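Numbering (this note's numbering), first residue to last: 560 to 706.
Here is the structure:
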């Protein structure tokens with residue numbers, strides 16, 4: 560499975576940790592940056608290309624920042640993206656099962672590295688349930704997005 564990942568300076572350490580863990584788990588990781596720590600970088604410039612890649616490939620993505628809020632918002636501006644802010648593994652699981660989320664957003668300042676890995680591992684390994692009620696709601700959002 561291919562996993563795209565992006566961050567700004569606020570979660571630079573977390574991104575590097577997650578890239579290493581994902582590669583150890585034999586995922587095909589595409590790192591959209593940041594490539595170095597820059598306290599003045601802007602997350603939209605990094606997150607939006609990551610989200611575009613996820614949307615065009617039908618893959619999975621991870622976006623990171625200080626809280627994860629702005630990154631989730633930026634990712635959700637890309638057509639076809641359903642980014643969910645997850646602060647624990649249960650929310651990550653529900654985002655996949657119920658919303659078929661294709662990007663998870665985390666805050667680098669919100670949990671330990673190990674907790675972040677649990678969230679990401681849960682997200683990438685949980686399939687969409689396919690239940691009719693959830694599929695119907697996702698289709699309603701797709702229809703709105705097309706208008």
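For glycine and all other residues, C-beta sits at the position ideal for the given N, C-alpha and C. Keep in mind that this is a model prediction, so the values were computed, not measured.
Collapsed DSSP secondary structure at residue i in the structure displayed
i: residue 593; result: coil
i: residue 681; result: helix
i: residue 675; result: helix
i: residue 587; result: strand
i: residue 694; result: helix
Enclosing alpha helix (DSSP H) for residue i [first to last residue]
i: residue 581; result: 571-583
i: residue 561; result: Residue 561 -> not in any alpha helix (DSSP H); beta strand (DSSP E) instead, spanning 561-566.
i: residue 615; result: 602-616
i: residue 653; result: 648-658
i: residue 632; result: 628-635
Local Cβ density within 10 Å of residue i, reported as buried at 16 or more and exposed below that
i: residue 599; result: exposed
i: residue 702; result: exposed
i: residue 579; result: exposed
i: residue 630; result: buried
i: residue 671; result: exposed
i: residue 636; result: exposed
i: residue 567; result: buried
i: residue 660; result: buried
i: residue 700; result: exposed
i: residue 624; result: buried
i: residue 689; result: exposed
i: residue 560; result: exposed
i: residue 692; result: exposed
i: residue 641; result: buried
Length of the line joining the Cα atoms of residue i and residue j
i: residue 565; j: residue 621; result: 7 angstroms
i: residue 616; j: residue 633; result: 18 angstroms
i: residue 667; j: residue 639; result: 25 angstroms
i: residue 595; j: residue 676; result: 21 angstroms
i: residue 576; j: residue 584; result: 13 angstroms
i: residue 593; j: residue 695; result: 37 angstroms
i: residue 647; j: residue 682; result: 10 angstroms
i: residue 658; j: residue 573; result: 25 angstroms
Span of the beta strand (DSSP E), counted from its first residue to its last, around residue i
i: residue 623; result: 619-624
i: residue 642; result: 642-644
i: residue 665; result: 662-666
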